Every structure is written in C-alpha cells, then in structure tokens.
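For reference, the structure discussed in these notes is given below.
Numbering (full-length UniProt numbering), first residue to last: 1 to 365.
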C-alpha cells in the first residue's frame with residue numbers, strides 16, 4: 001500500500017518559489033550539486049501552490065525519462081540526483097526503481113501518489129531559511145574581508161620592508177582576494193596578513209644598526225667560516241617568532257602531539273610544554289617522516305632550533321589538510337620551507353598566522 005506523506009505546510013511568510021530561492025542560496029551548506037537544484041526547480045514546477053498547504057500531499061510522478069528530457073540530462077544523471085536528494089533528506093521516493101510512477105488528483109488535490117514526495121523539503125523550510133540567511137551574511141562579511149585584505153596589502157607595502165612583502169606574497173601570491181570564494185579561506189588569509197603586519201610593525205621602530213667603528217678587519221675568505229657567519233647573521237636579522245606552548249599544541253598534528261606529550265611527561269613537566277620538549281619531539285618526528293639527521297642538523301644551524309621545529313610543525317600539519325595549503329610530502333615541504341625562510345625570512349611567521357586561523361576555524365583540539 002502506498003504511503004501518503006502529508007506535511008505541516010510552508011511557513012506563512014514563504015511561497016514555494018521563495019523556498020526554491022532559499023535552496024539556491026543555501027546550496028553549498030546543504031551539500032547539493034547544481035544539478036540537484038535544477039531538479040528541485042523542475043519538481044516544484046510540477047506541483048501547485050495548494051500542494052504546499054498544511055495536511056496536503058505534495059508530490060509529482062513524472063518519469064525519470066520525462067525529467068531527463070526537460071532538463072537536457074541523461075537518465076542516469078537524474079537517478080544519481082534523486083539518490084543525492086534522498087540522502088540529503090530533501091525528498092522521499094515512494095515508487096520503486098523498476099515500477100511506473102503514477103498519481104491522482106481530485107479537484108486539484110492529490111489523493112494518492114506513487115512517485116517523488118516533497119514533504120521532507122517542506123518540513124525543513126525553516127532550517128533552509130536559516131542556512132540561506134547565514135550564507136547571505138557571510139557574503140556581506142566576505143565583501144568586507146576582501147576590502148580588509150586589500151588594505152592589509154597596502155599597509156604591508158607601506159612598511160617599506162622587502163621581507164614583509166615576501167611574507168605577504170607567501171600568504172596570497174596573486175594579491176587578489178576576489179579569486180577566493182571560500183569564506184573560511186578569506187578569514188585565514190586576513191588573519192595571516194594581520195600577523196605579518198603585526199610582526200613587522202613591531203620591528204619597524206627599532207631602526208637600522210649603525211657602524212660602531214670606522215675601522216674594519218680584513219675579510220675572512222674561508223668558505224665554511226663565511227657560511228657559518230652568514231647563517232648566524234641571518235638568524236639574528238629575522239624578527240622573533242611569538243609562540244606559546246598552547247599555540248604549539250593547537251597547531252600540532254596528532255602524531256606530533258604524541259611526541260610532545262611523551263617528552264613533556266619524560267622531563268617531569270606533565271603536559272606543560274617547554275622549548276626542550278619541542279626540540280626533542282621535532283627531532284624524533286623529523287626522523288620518523290624521512291628527514292635525515294644531517295638535513296635536520298643543517299636546518300637547525302641555518303634557522304635556529306625553534307624556527308626549524310616550527311617549520312616542521314607547519315609542514316607536518318599541512319600534510320593532513322585538504323585545502324590550498326595541503327602538501328603531499330611533509331619532509332619535502334619542510335626542506336623547501338627551510339630554504340625559503342633562509343632566503344626570504346618571515347615565511348614562518350606568515351604561515352603560523354594562517355595555520356592558527358585554520359586550526360581555530362576547524363576546531364582542531
């Protein structure tokens with residue numbers, strides 16, 4: 001016997017076509033494809049206003065072939081879309097896959113149907129309305145964020161620091177927030193640029209070092225000694241990285257946290273992290289993901305142990321992401337990041353800001 005799915009009706013302030021517009025606006029948070037929205041537009045067109053009245057049956061029984069022809073799609077596409085909408089809880093299919101769809105209206109009212117029922121969609125009208133309102137609010141905020149990002153780039157350029165501009169380039173190479181369509185991504189970029197601006201603004205008042213004496217010593221032409229001196233000078237010239245144990249724990253991947261927790265317990269500090277724990281945990285993780293002891297030692301000499309450890313933390317965490325910052329190989333990403341940081345500086349600061357915004361946004365605990 002056919003199940004007649006009636007419904008409680010649309011809210012008084014909504015019509016069926018307004019409901020469709022809300023679905024179109026909330027398509028992404030609802031997890032719907034564009035094809036699914038086109039299907040629902042066709043489906044609502046096969047109903048009447050009266051079908052959306054409380055206590056009525058709201059359904060249609062056009063065949064898959066008829067719907068496919070109307071939407072210029074293949075039958076298998078319609079089948080997939082119907083499965084998608086059923087999975088999302090927006091339609092109910094009262095007919096079986098192999099049976100013929102049918103229904104009957106008497107004086108404009110559906111008495112029985114053996115097809116596709118829209119009661120689940122109607123029952124979720126308020127939820128869909130709330131989702132659409134959230135999307136519209138995010139669109140307004142996204143517009144403001146794009147303006148903010150452009151202003152941040154201007155302020156960073158105004159610092160007159162090549163290192164600051166390079167750090168900003170690492171966050172968004174094309175400097176065009178209009179190409180970013182993800183609201184969360186816009187927030188991450190804005191947060192990362194704020195971090196770059198804060199870091200270099202804090203250092204801007206320090207001024208440049210003046211010569212303490214006009215008498216200079218003869219140049220040292222030993223290549224190894226020159227390399228060591230360059231590394232030491234390069235480390236000293238970089239702005240300090242402002243991190244806390246809580247931030248390190250927030251940003252670390254699950255496997256990095258295991259190393260951190262082990263060493264925190266081993267050195268008698270419980271779960272209170274310190275620099276020593278970070279160094280030992282980073283060394284073990286580096287070996288575990290295929291970074292040689294020689295490469296690790298060289299990286300620590302080039303950047304300093306803390307900065308090298310934070311490069312590893314970023315590369316390891318980004319290996320587990322699925323957005324634009326995802327890296328395929330954490331070890332290779334680490335080596336590349338060390339080289340870029342040594343050459344340009346401030347890359348770690350910018351990426352730490354981006355990763356902090358990402359971690360807070362996805363509630364990584």
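No residue lacks a Cβ here, since even glycine has one placed at the ideal position from N, Cα and C.
Being a predicted model, the structure only gives us computed values, none of them experimental.
Requested in this report: Pull up the distance between the alpha-carbon of residue 377 and that of residue 186, whole angstroms please.
Outcome: The shown model of the chain, from 1 to 365, leaves out residue 377, and the question about it has no answer.
Requested in this report: Could you say if the region 44 to 62 and the region 113 to 127 meet the contact criterion of at least three C-beta pairs nearer than 8 Å?
Outcome: yes
Query raised in the report: Once you ignore the five residues that flank residue 11 on each side, which residues in its own chain have a CB closer than 8 Å to its CB?
Result: As a first step, residue 11 must be located in the chain shown, where it is residue number 11. If we look at residue 11 and ignore the five residues flanking it on each side, its Cβ neighbours are 125, 126, 129.
Query raised in the report: Going by the beta-carbon positions, is the gap between residue 171 and residue 145 smaller than 9 Å?
Result: Your numbering for residue 171 matches position 171 in the chain shown. Your numbering for residue 145 matches position 145 in the chain shown. No. Outside cutoff.
Query raised in the report: Is the beta carbon of residue 62 sitting closer than 9 Å to the one on residue 115?
Result: What you label residue 62 is simply residue 62 of the chain shown in a count that begins at 1. What you label residue 115 is simply residue 115 of the chain shown in a count that begins at 1. In this structure, residue 115 lies closer than 9 Å to residue 62 by Cβ.
Query - Closest residue to residue 198 among 167, 326, 322, 325 (Cα-Cα distance) - result: If you number the chain shown from 1, residue 198 lands on position 198. Residue 198 has its Cα closest to that of 167, out of 167, 326, 322, 325.
Requested in this report: Mark residue 25 as exposed unless 16 or more other C-beta atoms lie within 10 angstroms of its C-beta, in which case mark it buried.
Outcome: For the purposes of this step, residue 25 is taken as the residue at position 25 of the chain shown. Buried, by the Cβ-count rule.
Query raised in the report: So which of 328, 305, 353, 20 has the shortest CA-CA distance to residue 316?
Result: Walking along the chain shown from the start, residue 316 turns up at place 316. The shortest Cα separation from residue 316 among 328, 305, 353, 20 belongs to 328.
Query raised in the report: Is it a yes or a no for the region 135 to 155 touching the region 64 to 74, going by three-plus beta-carbon pairs under 8 Å?
Result: no
Query raised in the report: The beta strand (DSSP E) spanning residue 113 covers which residue range?
Result: Translated into positions along the chain shown, residue 113 becomes position 113. Per DSSP, residue 113 belongs to the beta strand (DSSP E) from 109 to 114.
Query raised in the report: Hey, would you say residue 326 sits closer than 9 Å to residue 332, going by beta carbons?
Result: Against the chain shown, residue 326 aligns to sequence position 326. Against the chain shown, residue 332 aligns to sequence position 332. In this structure, residue 332 does not lie closer than 9 Å to residue 326 by Cβ.
Query raised in the report: What three-state label does DSSP hand residue 57 in the structure shown?
Result: Residue 57 sits at position 57 when you count from the first residue of the chain shown. Here residue 57 sits in strand by DSSP.
**Report entry** Bounding residues of the beta strand (DSSP E) (the contiguous stretch that carries residue 90)
**Finding:** Locating residue 90 in the chain shown gives position 90, where the first residue counts as 1. It is not in any beta strand (DSSP E) - residue 90 carries neither H nor E in the DSSP assignment.
Query raised in the report: Opposite residue 312 in the DSSP bridges: which residues?
Result: The sequence position of residue 312 within the chain shown is 312, counting from 1. Answer is none; residue 312 lacks a bridge partner.
Query raised in the report: Can you round the beta-carbon distance between residue 57 and residue 138 to whole angstroms, since I take them to be within the 8 Å contact cut?
Result: Taking the chain shown and counting its residues from 1, the one referred to as residue 57 is at position 57. Taking the chain shown and counting its residues from 1, the one referred to as residue 138 is at position 138. Incorrect: roughly 36 Å between the Cβ atoms, too far for contact.
**Report entry** CB of residue 256 within 9 Å of CB of residue 293, strictly
**Finding:** The sequence position of residue 256 within the chain shown is 256, counting from 1. The sequence position of residue 293 within the chain shown is 293, counting from 1. Cβ atoms of residue 256 and residue 293: not closer than 9 Å.
Query raised in the report: By how many angstroms is the C-alpha of residue 321 removed from the C-alpha of residue 311?
Result: The residue labelled residue 311 in the question sits at position 311 within the chain shown. The residue labelled residue 321 in the question sits at position 321 within the chain shown. Whole-angstrom Cα-Cα distance: 16 Å.
Query - Backbone secondary structure at residue 351 - three-state DSSP - result: Position 351 of the chain shown, counting from 1, holds the residue named residue 351. DSSP places residue 351 in helix when its eight states are reduced to three.
Requested in this report: Give a yes or no on whether the C-beta atoms belonging to residue 338 and residue 303 are separated by under 9 Å.
Outcome: Counting from 1 along the chain shown, the entry for residue 338 is found at position 338. Counting from 1 along the chain shown, the entry for residue 303 is found at position 303. For residue 338 and residue 303, yes; Cβs fall inside 9 Å.
Query raised in the report: Using DSSP with H/G/I as helix, E/B as strand and the rest coil, what is residue 19?
Result: By 1-based counting over the chain shown, the position of residue 19 is 19. Looking at residue 19 - three-state DSSP - the assignment turns out to be helix.
Query - Separation of residue 261 from residue 131, as counted between CA atoms - result: Taking the first residue of the chain shown as position 1, residue 131 is located at position 131. Taking the first residue of the chain shown as position 1, residue 261 is located at position 261. For residue 131 and residue 261, the distance between alpha carbons rounds to 40 Å.
Query raised in the report: In terms of DSSP beta bridges, what is residue 105 paired with?
Result: Counting from 1 along the chain shown, the entry for residue 105 is found at position 105. DSSP output for residue 105 lists 110 as bridge partner(s).
Requested in this report: Can you tell me which of the three DSSP states residue 174 falls into?
Outcome: Counting from 1 along the chain shown, the entry for residue 174 is found at position 174. In this structure, residue 174 counts as coil in the three-state DSSP scheme.
Requested in this report: Taking all protein chains shown into account, decide if residue 102 is buried (16 or more other Cβ within 10 angstroms of its Cβ) or exposed.
Outcome: The residue labelled residue 102 in the question sits at position 102 within the chain shown. Under this definition residue 102 is an exposed residue.
Query raised in the report: What does residue 117 pair with, by DSSP beta-bridge criteria?
Result: Here residue 117 refers to the residue found at position 117 when the chain shown is read from its first residue. Residue 117 pairs with 59, 92.
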